[in-house]
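Worksheet: one structure, shown below.
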Amino acid sequence: MRTSLAETRQIEQYLLQLAPPNEMLLFDAKLLLDESLQEKLQMQKKTHEIVKQYGRKQLRKEIDAIHQMLFTSAEHRSFRQKIMQIFSR
Amino acid sequence: MNDIAHPLLTAADRETFFIALYKSAFPSVARYIARMGGSADDAKDIFQDALLICYEKKIAARDLIKASEKAYLIGVCKHLWHRRYREVQQVDSLEGIDIPEKTESPTCEESRLMNYLEKAGKKCMEFLRAFYYDNLPLADAAILFGFSGTRSATVQKYKCLEKVRETVKQKSLTYEDFVS
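Here the protein sequences come in this chain order: A and B.
Position 41 of the first sequence, counted from 1, bears residue number 40 in numbering that gives the first Met the number 0, the numbering being contiguous throughout.
Position 127 of the second sequence, counted from 1, bears residue number 126 in numbering that gives the first Met the number 0, the numbering being contiguous throughout.
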């Protein structure tokens with residue numbers, strides 16, 4: 000693995016707390032000495048947040064497509080009617 | 000991680016899972032929301048939020064749902080309804096269920112970044128989503144995305160992380176310059 004990829008992997012292990020305690024400590028020490036590593040850590044942390052938001056956004060799209068399908072296709076008419084009755088009272 | 004097989008590997012698996020929950024739990028939820036004076040749109044919004052919570056619980060294998068999924072989902076919906084309208088301060092404590100804080104709405108900067116990544120970085124975002132959001136095991140993700148093995152999938156995962164990280168950096172710098 001390329002050096003930079005190995006470093007990215009280390010950052011990941013640190014962020015997700017997958018590294019053993021001694022490696023976590025070692026990484027803490029590296030962070031103190033290396034500003035560019037600190038920045039990479041921050042950006043990678045943000046990347047994880049963005050990926051989570053992205054995942055949620057895509058999942059919402061999938062769920063919404065299912066809703067549309069259930070409420071429009073002929074196959075699910077009885078289900079749809081059951082729900083519509085609840086709100087028509 | 001753990002040894003329990005991942006329950007929902009593909010988009011088709013997720014679809015089956017969500018349809019089954021819609022069929023089994025949505026009528027009860029709709030009746031409840033209607034009784035509380037809510038509309039069909041309220042029921043839809045709340046149910047969809049609850050499905051997302053239920054999905055995240057299910058795939059975070061550390062946090063398996065102990066009650067039945069239907070019961071869990073209905074419990075989450077009631078909780079979300081009360082939280083939304085704050086009509087009732089005291090929400091029934093749902094056995095073994097903790098509900099995440101309101102899912103944060105992205106800032107303007109994050110939305111821009113997201114729109115950019117959805118277009119320019121879709122492949123990597125999909126791949127990273129599979130790992131970090133859908134929690135797919137490496138071997139399954141490798142197959143799903145057509146890699147020859149876990150090794151090349153791992154390399155690709157870190158390449159994608161670097162690529163997106165670089166974009167995040169570039170975009171947040173431009174935005175900081177803009178606001179300061």
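Glycine included, C-beta positions come from ideal geometry on N, C-alpha and C.
Original post:
Which residues of chain B have a Cβ atom closer than 7 angstroms to the Cβ of Met42/A, listed in chain order?
Top reply: Arg164, Val167, Lys168
Subject >> N- and C-terminal bounds of the alpha helix (DSSP H) containing Thr2/A >> reply: 2-14
**OP:** At 7 angstroms on the CB atoms, spell out the chain B contacts of Thr46/A, in chain order.
**Re:** Result: Leu160, Val163, Arg164, Val167.
**OP:** For Leu127/B, return the contacting residues in chain D, with the cut-off set at a CB-CB distance below 7 angstroms.
**Re:** In the structure shown, chain D does not exist; the protein chains are A and B.
Original post:
If you draw a straight line from the alpha carbon of Asp139/B to that of Val50/A, how long is it in whole angstroms?
Top reply: 19 angstroms
Original post:
Between which two residues does the alpha helix (DSSP H) carrying Glu108/B extend?
Top reply: 107-119
**OP:** Would you mind sorting Glu161/B into buried or exposed? The rule is 16 or more other CB atoms within 10 Å of its CB.
**Re:** buried
Original post:
So, do the stretch 24-43 of chain B and the stretch 72-87 of chain A have three or more beta carbon pairs nearer to each other than 8 angstroms?
Top reply: yes
**OP:** Tell me, please, whether the CB atom of Ala39/B is closer than 7 angstroms to any CB atom in chain A?
**Re:** yes
Subject >> Tyr4/A at chain B interface by Cβ criterion, 7 angstroms >> reply: Residue identity check: residue 4/A is Leu in the sequence provided, not Tyr. Closer than 7 angstroms: yes.
Original post:
Where Leu50/B and Arg76/A are concerned, what is the direct C-alpha to C-alpha distance, given to the nearest angstrom?
Top reply: 22 angstroms
Original post:
Cα separation between Glu48/A and Ala10/B?
Top reply: 22 angstroms
**OP:** Could you tell me the boundaries of the alpha helix (DSSP H) in which Phe70/A lies?
**Re:** No alpha helix (DSSP H) contains Phe70/A, which DSSP labels as neither H nor E.
Subject >> Selection of the stretch 16-27 of chain B by Cβ proximity to chain A, strictly under 9 angstroms >> reply: Phe17, Ile18, Tyr21, Lys22, Phe25, Pro26
**OP:** Using 10 angstroms around the beta-carbon of Met23/A, count the other beta-carbons present and answer buried if the total reaches 16, otherwise exposed.
**Re:** exposed
**OP:** Could you check if Gln16/A is buried or exposed, using at least 16 other CB atoms within 10 Å of its CB as the buried criterion?
**Re:** exposed
Original post:
Quick one: is Cys76/B buried, meaning 16 or more other Cβ sit within 10 Å of its Cβ, or exposed?
Top reply: buried
Original post:
Should Tyr157/B and Leu14/A be called a contact, given that it needs their Cβ atoms to be closer than 7 angstroms?
Top reply: In this structure, the beta-carbon distance from Tyr157/B to Leu14/A does not fall below 7 angstroms.
**OP:** Determine the contact status of Lys56/B and Ser23/B, defining contact as a CB-CB distance below 7 angstroms.
**Re:** no
Subject >> C-beta atoms of Leu69/A and Tyr21/B nearer than 7 angstroms >> reply: yes
Subject >> Nearest to Lys43/B (by Cα), restricted to the options Gln67/A, Glu74/A, Ser72/A >> reply: Gln67/A
Original post:
What residues of chain A sit near Pro105/B, judged by a beta carbon separation below 7 angstroms?
Top reply: Under a criterion of Cβ atoms nearer than 7 angstroms, the residues of chain A adjacent to Pro105/B are, in order, Gln52.
Original post:
Are Pro136/B and His5/B touching if we call contact CB-CB under 7 angstroms?
Top reply: With respect to the 7 angstroms criterion, Pro136/B and His5/B are classified as neighbours on the basis of their beta carbons.
**OP:** Entirely within the stretch 20-58 of chain A and at least 4 residues each: give me those alpha helix (DSSP H) ranges in chain order.
**Re:** 20-32
Subject >> CB contact check: Arg76/A to chain B, cutoff 7 angstroms >> reply: Judged by the 7 angstroms Cβ criterion, Arg76/A is not in contact with chain B.
**OP:** Inspect the beta-carbon positions of Arg16/B and Leu8/B and report whether they are closer than 7 angstroms.
**Re:** Here residue 16/B turns out to be Phe, not Arg, going by the sequence shown. Going by C-beta atoms, Phe16/B is not nearer than 7 angstroms to Leu8/B.
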